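*Asks:* Mapping the sequence shown onto the numbering used here, position 164 (from 1) lands on 1005, and the numbers just tick up by one.
For glycine and all other residues, C-beta sits at the position ideal for the given N, C-alpha and C.
All of these numbers come straight from a predicted model, not from anything done at the bench.
Mind having a look at this structure? Questions to follow.
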Amino acid sequence: MLASEVIKRYEAYCPQELSMDGDVRGLQVGTLQKDIHKVMVALDIREQTVAEAIAHGVDLIIVKHAPIFRPIKDLVADRAQNQIYIDLIKHDIAVYVSHTNIDIVPDGLNDWFCQLLDIEDAEPLSMTGEGIGIGRIGRVPAQTFGQLADKVKETFGLDALRIVSYDQADLDRVIERVAICGGSGQSFYKDALSKGAEVYITGDIYYHTAQDMLSDGLLALDPGHHIEVLFVSKLVEKLNQWKAEEAWEIEVIGSQASTNPFYHI
């Protein structure tokens, strides 16, 4: 079957048009007008992801984070980043990017986070269109801030979790309204405040932004950007569902390569 058939079904679920203005999305490498036999889903494309794809004979990668995010000045093979692109082209591996559209779409990444964390009656955190938006905010069963932190840590298998609070006593504060945005969502913290969030869960919170959050009365949890790896298992599940429904003769795999650049000792 053609790669374009897979992407057509994917875009019926998660259209490119949902993406935020200026976002990088869609086909980035290769062509969709080719027969494929194996599709891989990945969060990132790094050297280890490409090696994995080559080893498994992958024809198409659906990835959340675009491998080409900044303009390329050349394709000189001596540069490690360029070798990623060269290897993809050399082995005829097409790369399709689904970034903020999978964050925004109903039954997408942020809704999956809500399901895992028991955030109910969720609504978009920051509106991007009529009835849709990025991030989610909803209610959780009454619990302490510390209990929520433990749940986030356990749910995402984290060995550490950054807590945005000046006072350890905040861990005993009872909370019921929580906002979440996968990836780097600190710019939406004012939306979380305006919608009554008591805690905001997002990654890559800057030092001064954390101080501003606390001055404005908002606690936060930073589980890191990499929790978005949930994209891999959930999209593999969807692709296999569509494969069964439409009798696709392809194999779907999730990347097992670790692309998280951080760990704690």
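Do you know how far the Cα of residue 1033 is from the Cα of residue 1063?
*Replies:* Distance between the alpha carbons of residue 1063 and residue 1033 is about 15 Å.
*Asks:* Quick one, which of 885, 1091, 1040, 957 has its alpha-carbon nearest residue 1011's?
*Replies:* Minimum Cα distance to residue 1011 is reached at 1040.
*Asks:* Could you tell me which residues DSSP pairs with residue 874 in its beta bridges?
*Replies:* Beta-bridge pairing links residue 874 to no other residue.
*Asks:* Based on Cα-Cα distance, which residue from 876, 981, 862 lies nearest to residue 1089?
*Replies:* Per the Cα distances, 876.
*Asks:* Would you report the Cα separation of residue 907 and residue 936, rounded to the nearest angstrom?
*Replies:* Rounded to whole angstroms, residue 907 to residue 936 spans 9 Å at the Cα level.
*Asks:* How is residue 855 classed by DSSP in three states: helix, strand or coil?
*Replies:* Coil at residue 855, not helix or strand.
*Asks:* Look up residue 1100 in the DSSP assignment and say whether it is helix, strand or coil.
*Replies:* The answer is coil: DSSP assigns residue 1100 none of H, G, I, E or B.
*Asks:* How is residue 808 classed by DSSP in three states: helix, strand or coil?
*Replies:* Absent from the model: residue 808. The displayed extent of the chain is 842 to 1106, so no value can be given.
*Asks:* Could you have a look at residue 987 and say whether DSSP puts it in helix, strand or coil?
*Replies:* Reduced to three states, the DSSP call for residue 987 is helix.
*Asks:* Please determine, among 898, 999, 865, the residue with the shortest C-alpha to C-alpha distance to residue 1066.
*Replies:* When each option's Cα is compared against that of residue 1066, the closest is 999.
*Asks:* Under DSSP, the beta strand (DSSP E) around residue 967 begins and ends at which residues?
*Replies:* Segment 961-970, the beta strand (DSSP E) holding residue 967.
*Asks:* Does any heavy atom of the ligand MN sit closer than 6 Å to the C-beta of residue 1031?
*Replies:* This structure lacks the ligand MN, and indeed carries no ligand of any kind.
*Asks:* Can you tell me whether DSSP reads residue 901 as helix, strand or coil?
*Replies:* In the structure shown, residue 901 sits in a strand (DSSP, three-state: E or B).
*Asks:* What's the call for residue 911, buried or exposed, on a 16-neighbour Cβ count within 10 Å?
*Replies:* Answer is exposed; the Cβ neighbour count stays below 16.
*Asks:* Put residue 1090 into one of helix, strand or coil per three-state DSSP.
*Replies:* Reduced to three states, the DSSP call for residue 1090 is coil.
*Asks:* Measuring alpha carbon to alpha carbon, tell me which residue in 988, 1017, 1018 is nearest residue 1004.
*Replies:* When only C-alpha atoms are compared, the closest one is 988.
*Asks:* Looking only at its chain, what residues have a beta carbon closer than 8 Å to the beta carbon of residue 1002, apart from the 5 residues adjacent to it on each side?
*Replies:* 990, 993, 994, 1062, 1063, 1064.
*Asks:* Kindly indicate which residue of 929, 983, 902, 1018 has the alpha-carbon position closest to the one of residue 1042.
*Replies:* The option with the nearest alpha carbon to residue 1042 is 1018.
*Asks:* Please confirm whether residue 900 and residue 878 have their CB atoms less than 7 Å apart.
*Replies:* Result yes, Cβ atoms of residue 900 and residue 878 sit closer than 7 Å.
*Asks:* Would residue 913 pass as a contact of residue 881 if the rule is Cβ separation under 7 Å?
*Replies:* Result no, Cβ atoms of residue 913 and residue 881 do not sit closer than 7 Å.
*Asks:* Going by CA-CA distance only, name the one from 887, 889, 1021 that's closest to residue 974.
*Replies:* Residue 1021 is the option with its Cα nearest to residue 974.
*Asks:* Tell me which residue opens and which closes the alpha helix (DSSP H) that residue 1048 is part of.
*Replies:* Counting along the chain, the alpha helix (DSSP H) containing residue 1048 begins and ends at 1048-1056.
*Asks:* Less than 6 Å between C-beta atoms, sequence neighbours within five positions excluded: which residues of the same chain meet that for residue 859?
*Replies:* Cβ within range, chain order: 942, 945, 946.
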